[in-house]
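Chemist:
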């Protein structure tokens, strides 16, 4: 996107929490599968996306890469998972 703002893609379970906790990021709801994430990525024109390696299977990452071919998928550092664990 032109404004280069951070965007957090979430499924329906996390929209309320994400809106409260992800300050400075725009929260975007996606469908609960790889196609939904790829559609949100394409619609937003995002060139790269971070993901938590420990929370994603190799098969799912492969599906994302096949469906959103222009997106550069980047693993997030391990500490991002520990941030999520603290509630």
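In my numbering, the protein residues as written are 9 to 95.
Idealized CB from N, CA, C, for every residue including glycine.
1. Quick check on DSSP: helix, strand or coil for residue 33?
2. How is the alpha helix (DSSP H) around residue 69 delimited, first residue to last?
3. Taking C-alpha atoms, which residue in 13, 41, 30 and 56 lies nearest to residue 81?
4. Is residue 85 helix, strand or coil by DSSP?
5. Quick one: what's got a C-beta closer than 7 angstroms to residue 42's C-beta in the same chain, skipping five residues either side?
Modeler: Result, derived from the coordinates:
1. Along the chain shown, one-based indexing puts residue 33 at 25. Strand, per DSSP.
2. Looking up residue 69 in the chain shown gives position 61. Looking at the DSSP string, the run of the alpha helix (DSSP H) that includes residue 69 is 66-75.
3. Reading the chain shown from its first residue, position 73 is the one you call residue 81. Checking every option, the nearest Cα to that of residue 81 belongs to 56.
4. Stepping through the chain shown from its first residue, residue 85 is reached at position 77. Of the three classes helix, strand and coil, the one that applies to residue 85 here is coil, per DSSP.
5. Looking up residue 42 in the chain shown gives position 34. For residue 42, where only same-chain residues beyond five positions count, the Cβ hits under 7 angstroms are 68, 71, 72 and 75.
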